[in-house]
Amino acid sequence: MAALSTEIPKLTSINWMEFKSGMEMLFMGAQADYLIDASASTTIPPECVKLDKQLVFYLWARVDDDHKFLVQDSRTSALKAWLALLTHFGKSTMPRRLAARQHLYSVEHDTSKPIDVFIHSVTSAAKALADLGSKVEDTEIKDILLMRLDDSYASIRTSIMTAKEEPDLSSIKSLLSSASSSIPQPSSIAAAQVASVRPSSRPSSRPLPPRSTFSPSDSPAQSLPPDDRGFFWCDTTNSQACHRCGRPNHIAAFCLFTMPQYVKDWVMKGGYREHSSLANSSEDFQYEGATLGIGDGLDLPDHFKSVIHC
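The numbers in full-length UniProt numbering rise by one with no breaks, and the one at position 282 of the sequence shown is 282.
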C-alpha cells in the first residue's frame with residue numbers, strides 16, 4: 001500500500017480527477033469500500049475503525065502543502081478528510097469549469113502511445129467537466145475525438161465522417177481502437193522506405209560508391225528528405241503508401257495533405273521530368289550516388305519505368 005501511494009500525484013488545484021482516481025485505487029486495495037462511495041455513508045463501519053486511522057496518513061501525505069488546510073480539521077479520520085475533499089473539489093465554480101473545458105479541448109493525441117490512452121484522456125476530461133455540473137454530450141465527445149486525432153489517422157477520420165449513418169460514441173471508440181493496428185509509426189515508415197530504395201544486391205561489374213549528397217534540383221524522388229513527420233513525398237516505389245505524400249491508407253488522387261515547400265520547389269524545377277528523361281538516355285546517369293550506364297548489363301530500377309506524379 002505504501003508503494004502504491006507514492007504513485008499517486010500530490011493533490012493540487014488542477015489535478016483533482018487524477019488524484020481522486022489514484023486514491024480510489026488505494027482504497028480498493030485496502031478493502032476500504034466505505035470510502036469508494038463515501039457519499040453513501042457518513043459513518044465508519046465498526047470493523048474499519050483501525051483501517052480508517054491508517055488510511056488518513058496516506059491521504060494526508062498525498063495532499064500538497066498548499067491544500068492541507070482542506071483536511072486540517074478532519075485529519076483524524078480518512079472518511080471525514082475524504083468527504084471534505086469531495087465537497088471542495090466537487091463544487092462547481094466558473095474558474096474550475098473553464099479550466100476543465102479547456103483541458104477537454106486541448107487533449108493531445110500522442111501516437112507513441114496506444115490510441116486507447118488518447119480515448120481515455122478525452123473521456124476522463126469530459127467526466128471531470130460533468131462532475132462540475134456541465135455534462136458533455138456524446139456528440140461533443142465524438143467531435144473532440146475526431147478533431148484531436150493525429151494526421152496519420154486522417155483516412156480513418158474521413159471514413160467515419162462520410163459514413164451513411166453517423167456512428168455512436170461507442171462505435172467510434174471501437175473503430176479507432178481496431179484501426180490503430182493498421183497505422184504504422186512515422187519512424188517505421190521512414191525506415192521501411194529507406195530500405196526499399198537501397199541499390200539492388202545483384203552482382204555488378206563495378207562497385208557502387210557512397211550515396212551522393214541530396215540536391216533538390218537533380219535528385220530522384222526517393223532521395224527527397226522525409227518531412228517533419230518522417231514521410232517521403234513523391235515516392236512511387238512504395239506500394240504501401242500514397243505516391244504523393246507517402247502516408248498510408250489512401251492514394252494520390254484523393255490526397256488532401258499540404259505539400260511542403262521544398263517538395264514544391266523540386267517539382268517546379270522539373271525534378272520528375274529530368275528524372276524520367278534520364279531513364280531513356282544512353283548516356284551515363286546518377287542513381288543513388290552510383291554512375292550507371294544503359295549498356296553495362298544492369299536492369300533499370302522499377303521507379304525509372306514510370307513518370308513520377310506529384
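Each residue gets a CB set at the ideal place from its N, CA and C atoms; glycine is no exception.
Identity of the residue in the options nearest residue i by Cα
i, options, result
"I8", "V122, F19, I14, N15", "F19"
"Y58", "Y262, E165, A2, P167", "A2"
"A100", "P248, F232, S13", "S13"
"I160", "L11, S152, I172", "I172"
"F118", "L129, L104, E137, M17", "L104"
"E24", "R62, S239, N238, Y262", "R62"
"P95", "L145, D37, L129", "L129"
"F231", "S21, S152, K50", "S152"
"V263", "D227, T236, Q240", "D227"
"H88", "F254, E165, M17, S239", "M17"
"T6", "W60, E47, A241", "W60"
"R229", "E47, M259, A125", "M259"
"T139", "T236, P167, A163, A125", "P167"
"P225", "K164, E165, L145, W266", "W266"
"V136", "Q102, Q72, C242, A30", "Q102"
"L256", "D37, E47, C242", "C242"
"A30", "Q54, S21, N15, T42", "Q54"
"R145", "D116, K164, A163", "For the record, residue 145 in the displayed sequence is Leu; it is not Arg. Looking at the Cα atoms, D116 is the closest of the given residues."
"S240", "T162, S182, G90, G22", "One detail in the question is off: residue 240 reads as Gln in this sequence, not Ser. Looking at the Cα atoms, S182 is the closest of the given residues."
"G90", "N15, F254, T237", "N15"
Integer-rounded CB distance, given that residue j should sit under 8 Å from residue i
i, j, result
"K80", "S74", "4 Å"
"R247", "C234", "No, R247 and C234 are not in contact; Cβ-Cβ is about 13 Å, not under 8 Å."
"R97", "S134", "6 Å"
"D64", "L4", "Between L4 and D64 the Cβ distance is about 19 Å, and since that is not below 8 Å, they are no contact."
"residue 381", "T123", "Beyond the ends of the chain as shown, which are 1 and 310, falls residue 381; an answer cannot be given."
"L26", "A78", "Actually they are not in contact, since the Cβ atoms of L26 and A78 sit about 10 Å apart, beyond 8 Å."
"L250", "S155", "Rather than Leu, the amino acid found at residue 250 in this sequence is His. That pair is a contact at about 5 Å."
Residue i - containing alpha helix (DSSP H), residue span
i, result
"H88", "78 to 89"
"M259", "From DSSP, M259 is part of no alpha helix (DSSP H); its letter is neither H nor E."
"W16", "16 to 29"
"D52", "49 to 61"
"A2", "2 to 6"
"D65", "D65 -> no alpha helix (DSSP H), and no H or E assigned at all."
"L35", "33 to 36"
Beta-carbon proximity check, residue i vs residue j, cutoff 8 Å
i, j, result
"K127", "L169", "no"
"P114", "S180", "yes"
"H109", "R148", "yes"
"L132", "S106", "no"
"D52", "I44", "yes"
"V56", "T76", "yes"
"L70", "L83", "no"
Distance cut-off 7 Å: residue i Cβ against heavy atoms of the ligand ZN
i, result
"K113", "In the structure shown, the ligand ZN is absent, as is every other ligand, since no ligand is present at all."
Completely contained alpha helix (DSSP H) runs for the region 105 to 174, where each covers 4 or more residues: At a cut-off of 4 residues, the continuous stretches assigned as alpha helix (DSSP H) that sit fully inside the region 105 to 174 are 115 to 131, 138 to 147, 154 to 161.
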